[in-house]
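Visitor: Sharing a structure below in structure tokens format, with a few things to ask.
Number of protein chains: 2
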Amino acid sequence: MPERPYHHGNLRRALLDAAERTVRERGVGELSLRELARDVGVSHGAPRRHFPDRQALLDALAQSGFERLRTELRAAVDGAGDAFEPRLHATAAAYIRFATADPALLELMFTVKHREGAGDLQEAADRTFAVMMEVVVQGQAEGHLEPGDPERVGLVLFATIQGIAALLTGGMVAPEQLDELLSDSIAHFLRGSRAAA
Amino acid sequence: MPERPYHHGNLRRALLDAAERTVRERGVGELSLRELARDVGVSHGAPRRHFPDRQALLDALAQSGFERLRTELRAAVDGAGDAFEPRLHATAAAYIRFATADPALLELMFTVKHREGAGDLQEAADRTFAVMMEVVVQGQAEGHLEPGDPERVGLVLFATIQGIAALLTGGMVAPEQLDELLSDSIAHFLRGSRAAA
DNA sequence: CCACAATGTTGTCAAGGACAACTTCCTGCG
DNA sequence: CGCAGGAAGTTGTCCTTGACAACATTGTGG
Numbered sequence: 063m064p065e066r067p068y069h070h071g072n073l074r075r076a077l078l079d080a081a082e083r084t085v086r087e088r089g090v091g092e093l094s095l096r097e098l099a100r101d102v103g104v105s106h107g108a109p110r111r112h113f114p115d116r117q118a119l120l121d122a123l124a125q126s127g128f129e130r131l132r133t134e135l136r137a138a139v140d141g142a143g144d145a146f147e148p149r150l151h152a153t154a155a156a157y158i159r160f161a162t163a164d165p166a167l168l169e170l171m172f173t174v175k176h177r178e179g180a181g182d183l184q185e186a187a188d189r190t191f192a193v194m195m196e197v198v199v200q201g202q203a204e205g206h207l208e209p210g211d212p213e214r215v216g217l218v219l220f221a222t223i224q225g226i227a228a229l230l231t232g233g234m235v236a237p238e239q240l241d242e243l244l245s246d247s248i249a250h251f252l253r254g255s256r257a258a259a
Numbered sequence: 063m064p065e066r067p068y069h070h071g072n073l074r075r076a077l078l079d080a081a082e083r084t085v086r087e088r089g090v091g092e093l094s095l096r097e098l099a100r101d102v103g104v105s106h107g108a109p110r111r112h113f114p115d116r117q118a119l120l121d122a123l124a125q126s127g128f129e130r131l132r133t134e135l136r137a138a139v140d141g142a143g144d145a146f147e148p149r150l151h152a153t154a155a156a157y158i159r160f161a162t163a164d165p166a167l168l169e170l171m172f173t174v175k176h177r178e179g180a181g182d183l184q185e186a187a188d189r190t191f192a193v194m195m196e197v198v199v200q201g202q203a204e205g206h207l208e209p210g211d212p213e214r215v216g217l218v219l220f221a222t223i224q225g226i227a228a229l230l231t232g233g234m235v236a237p238e239q240l241d242e243l244l245s246d247s248i249a250h251f252l253r254g255s256r257a258a259a
């Protein structure tokens, strides 16, 4: 039962977890590799084996963020029955839940995604948004949404959802108002879609 | 004609301008007080007279960002004639123009706004959004938007606009697609509103 | 069982933020 | 005037951090 084995076992994961926590609580700007190393009980040079530099850590953080978001969206879709509207609502709510629980992480995910050489990240992001697109396609198939390129319809929807999240994390809307705003927005969106369909 | 007068004249403004430039080109994370001082031709201790610490500089940047955004929105509204729809379109476009020309600044503005002790910032933000609310109120008065609390209607609208901006700066939408997406979204929004009005 | 790769550690450098002591300039007031 | 006091800048220092290199430890496949 070594008090501190030379090899940590899974330092990479431990660093990412600690980093995610710091980002959530104090923002990306406060993230320090050395402090992370201290938190995890390892020397200041150790993280370098897993993340060549700070940016690499941030990239990995974004990557794991997309993966987590994807599984949460997946769970929301799958847990909301087969009907379109409940699914749409559940998916939007799940996205917003993630966005408000971890605003700095989401921001990081977007910031980092469209840097060049972020192929892996782009893929992870695509896989994530594919979950939302499924719902859009279903909506079109069932005639709740206007037909045509799902991308185009999806963007309008996604803009709305992302915007709601931004209002929340920007403090322009109190969490208590969320349900109302989300329902308003979805109803609004569907009215706009049906009129065109 | 002093080559370098001891007193700069308007160091505060100069620092803010240089900072805004750096933020635009390299992001908030890259902003260094010392580098700023060098850029402006002043010693590393000088900025402290105007900004006690880095955060104070960021706060001031956000503040001046809100002021600039407000004048741009104002100009858009005033320059778009009296009819509601063109006004709405012009306002949204102006917001999005700002958001995409200076994504990091906008992000900073929102991040910093809902920190405690940001009363001044909150006010500046309110003044900015008041411009958009004017347009909403007009839309309601003329029957283009559903009646009721303008805040509530405005939020749905603003969420959409902010969301479009997020999609652009997140690289999910190419600038060429902007016009189409914006028109789609506004049309969509108005259809949803009229159906309820 | 041992060479080699993977993982950690220690030491160092340069850069930046915060702070204090000191200097230069300007302004108002006698 | 002229000079006291404050505003604006400068210099020097401390501490933290990111990046890097040289070295130490461990675990593993031949």
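For the record, the sequence lines run as chains A and U.
Quick note: the numbering used here has the first sequence finishing at residue 259, numbered continuously throughout.
Quick note: the numbering used here has the second sequence finishing at residue 259, numbered continuously throughout.
Quick reminder that beta carbons are idealized off the backbone N, C-alpha and C, glycines included.
Excluding sequence positions up to five away, which residues of its chain have a Cβ less than 7 Å from the Cβ of U/E134?
Guide: Numbered from 1 along the second sequence, position 72 holds the residue referred to as residue 134 of chain U. Only A156 and F160 meet the Cβ criterion.
Visitor: Could you say which of A/S126, A/A145, A/R149 and A/G127 lies nearest to A/A137 if we only look at CA atoms?
Guide: On the first sequence, residue 137 of chain A is found 75 positions in, with the first residue counted as 1. Out of A/S126, A/A145, A/R149 and A/G127, A/R149 has the C-alpha closest to the C-alpha of A/A137.
Visitor: So with CB distances below 9 Å, who are the chain U contacts of A/L243?
Guide: Here residue 243 of chain A refers to the residue found at position 181 of the first sequence. Per Cβ cutoff of 9 Å: R214, L217, V218 and A221.
Visitor: At a CB distance below 8 Å, what residues from the stretch 143–171 of chain U approach chain A? Give them in sequence order.
Guide: E169
Visitor: Could you pull the start and end residues of the alpha helix (DSSP H) that A/L93 belongs to?
Guide: Here residue 93 of chain A corresponds to residue number 31 of the first sequence, with the count starting at 1. For A/L93, there is no enclosing alpha helix (DSSP H), as DSSP marks it with neither H nor E.
Visitor: Which of the three DSSP states, helix, strand or coil, is assigned to A/E129?
Guide: Taking the first residue of the first sequence as position 1, residue 129 of chain A is located at position 67. Note: A/E129 maps to helix in three-state DSSP.
Visitor: Per DSSP, what kind of secondary structure is A/D144 in: helix, strand or coil?
Guide: As a working note, residue 144 of chain A is residue 82 in the first sequence. Residue state, collapsed to three classes: coil.
Visitor: With a threshold of 8 Å, are at least 3 pairs of Cβ atoms found where one atom belongs to the stretch 70–79 of chain U and the other to the stretch 194–205 of chain A?
Guide: No, the stretch 70–79 of chain U does not touch the stretch 194–205 of chain A.
Visitor: Hey, how far is the Cα of A/P64 from the Cα of A/R132?
Guide: Along the first sequence, one-based indexing puts residue 64 of chain A at 2. Along the first sequence, one-based indexing puts residue 132 of chain A at 70. Model confidence at A/P64 stands at a pLDDT of 40, short of 50, so the residue's coordinates are unreliable; what they give is reported in the following sentence. Answer to the nearest angstrom: the Cα atoms are 38 Å apart.
Visitor: Which word fits A/E82, buried or exposed, when buried means at least 16 other C-beta atoms lie within 10 angstroms of its C-beta?
Guide: The residue you call residue 82 of chain A lines up with position 20 of the first sequence. Buried.
Visitor: Flag this pair as touching only if the stretch 234–250 of chain A and the stretch 232–241 of chain U have three or more C-beta atom pairs under 8 Å; answer yes or no.
Guide: no
Visitor: Which residue's Cα is closest to the Cα of A/G205: A/A186, A/F146, A/G225 and A/T162?
Guide: The sequence position of residue 205 of chain A within the first sequence is 143, counting from 1. Comparing Cα-Cα distances from A/G205 to each of A/A186, A/F146, A/G225 and A/T162, the minimum goes to A/F146.
Visitor: Let me confirm a value: U/E92 is counted as buried when at least 16 other C-beta atoms fall within 10 Å, else exposed. Which label applies?
Guide: Locating residue 92 of chain U in the second sequence gives position 30, counting from the first residue. Exposed, since its Cβ has fewer than 16 Cβ neighbours within 10 Å.
Visitor: Looking at the C-beta of U/F251, does it have a partner C-beta in chain A at a distance below 8 Å?
Guide: Mapped onto the second sequence, residue 251 of chain U falls at position 189. Yes, contact with chain A.
Visitor: Could you compute how far the alpha carbon of U/F113 sits from the alpha carbon of A/D164?
Guide: Sequence index remark: in the second sequence, residue 113 of chain U carries index 51 (1-based). Sequence index remark: in the first sequence, residue 164 of chain A carries index 102 (1-based). Distance between the alpha carbons of U/F113 and A/D164 is about 30 Å.
Visitor: Residues in the same chain with beta-carbon distance under 8 Å from U/R111, minus the five sequence neighbours each way, listed in chain order, please.
Guide: The count along the second sequence starts at 1 and reaches residue 111 of chain U at position 49. Correct list, in chain order: L73.
Visitor: Using alpha carbons as the reference points, say which of U/D182, U/Q184 and U/D211 lies closest to U/R196.
Guide: Indexing the second sequence from 1 puts residue 196 of chain U at position 134. It is Glu, not Arg, that sits at residue 196 of chain U in the sequence shown. That would be U/D211, whose Cα lies nearest to the Cα of U/E196.
Visitor: To which residues of the same chain is A/F220 closer than 7 Å at the C-beta, ignoring the five residues directly before and after it?
Guide: Here residue 220 of chain A is taken as the residue at index 158 of the first sequence, counted from 1. Excluding positions up to five away in sequence, the list reads M194.
Visitor: Where U/R256 and A/T222 are concerned, what is the direct C-alpha to C-alpha distance, given to the nearest angstrom?
Guide: To locate residue 256 of chain U, count along the second sequence from 1; it is residue 194. To locate residue 222 of chain A, count along the first sequence from 1; it is residue 160. About 18 Å.
Visitor: With 8 Å set as the bound, which would you pick, yes or no: does the beta-carbon of A/H176 sit closer than that to a beta-carbon of chain U?
Guide: One-based indexing of the first sequence puts residue 176 of chain A at position 114. Yes, its Cβ sits closer than 8 Å to a Cβ of chain U.
Visitor: Using beta carbons (cut-off 8 Å, strictly below), is A/D246 in contact with chain U?
Guide: Looking up residue 246 of chain A in the first sequence gives position 184. Chain U contact via Cβ: present.
Visitor: Within the 8 Å Cβ cut-off, does A/G91 reach chain U?
Guide: Along the first sequence, one-based indexing puts residue 91 of chain A at 29. It does; some Cβ of chain U falls within 8 Å.
Visitor: Grouping DSSP H, G and I as helix and E and B as strand, with all else coil, what is A/V197?
Guide: Indexing the first sequence from 1 puts residue 197 of chain A at position 135. In this structure, A/V197 counts as helix in the three-state DSSP scheme.
Visitor: Can you tell me which of A/A186, A/E208, A/L244 and A/L240 puts its alpha carbon nearest to the alpha carbon of U/D246?
Guide: Here residue 246 of chain U corresponds to residue number 184 of the second sequence, with the count starting at 1. Considering only alpha carbons, the answer is A/E208.
Visitor: Closest to A/D101 by C-alpha separation, out of A/L119, A/A118 and A/L77, would be which residue?
Guide: The sequence position of residue 101 of chain A within the first sequence is 39, counting from 1. The closest CA to that of A/D101, considering only A/L119, A/A118 and A/L77, is found on A/L77.
Visitor: To the nearest angstrom, how far is it from the Cα of A/D144 to the Cα of U/Q117?
Guide: As a first step, residue 144 of chain A is located in the first sequence; it is residue number 82 there, counting from the start. As a first step, residue 117 of chain U is located in the second sequence; it is residue number 55 there, counting from the start. Near 49 Å, if we compare the C-alpha coordinates of U/Q117 and A/D144.
Visitor: Please state whether the Cβ-Cβ distance between A/L252 and A/L240 is less than 8 Å.
Guide: Walking along the first sequence from the start, residue 252 of chain A turns up at place 190. Walking along the first sequence from the start, residue 240 of chain A turns up at place 178. No.
Visitor: Give the list of continuous beta strand (DSSP E) stretches no shorter than 3 residues that lie fully inside the stretch 169–225 of chain A.
Guide: none
Visitor: Assuming A/A186 contacts A/E129 under a Cβ cut-off of 8 Å, what Cβ separation, rounded to an integer in Å, is found between them?
Guide: As a working mapping, residue 186 of chain A is identified with position 124 in the first sequence. As a working mapping, residue 129 of chain A is identified with position 67 in the first sequence. That belief holds up - the Cβ atoms of A/A186 and A/E129 are roughly 6 Å apart, short of 8 Å.
Visitor: Does DSSP classify U/H250 as helix, strand or coil?
Guide: Translated into the one-based positions of the second sequence, residue 250 of chain U becomes position 188. Reduced to three states, the DSSP call for U/H250 is helix.
Visitor: I want to verify the contact list: residues of chain A whose CB lies under 8 Å from the CB of U/V235, in sequence order.
Guide: Start at 1 with the first residue of the second sequence, and residue 235 of chain U comes out as number 173. Those are L217, listed as they occur along chain A.
Visitor: Identify whether A/S105 lies in helix, strand or coil by the three-state DSSP scheme.
Guide: Counting from one through the first sequence, the residue named residue 105 of chain A turns up at place 43. In the three-state reduction of the DSSP assignment, A/S105 falls in the coil class.
Visitor: Leaving out the 5 sequence neighbours to the left and right, which residues in its chain are closer than 7 Å to A/S126 when beta-carbon positions are compared?
Guide: One-based indexing of the first sequence puts residue 126 of chain A at position 64. For A/S126, where only same-chain residues beyond five positions count, the Cβ hits under 7 Å are L78.
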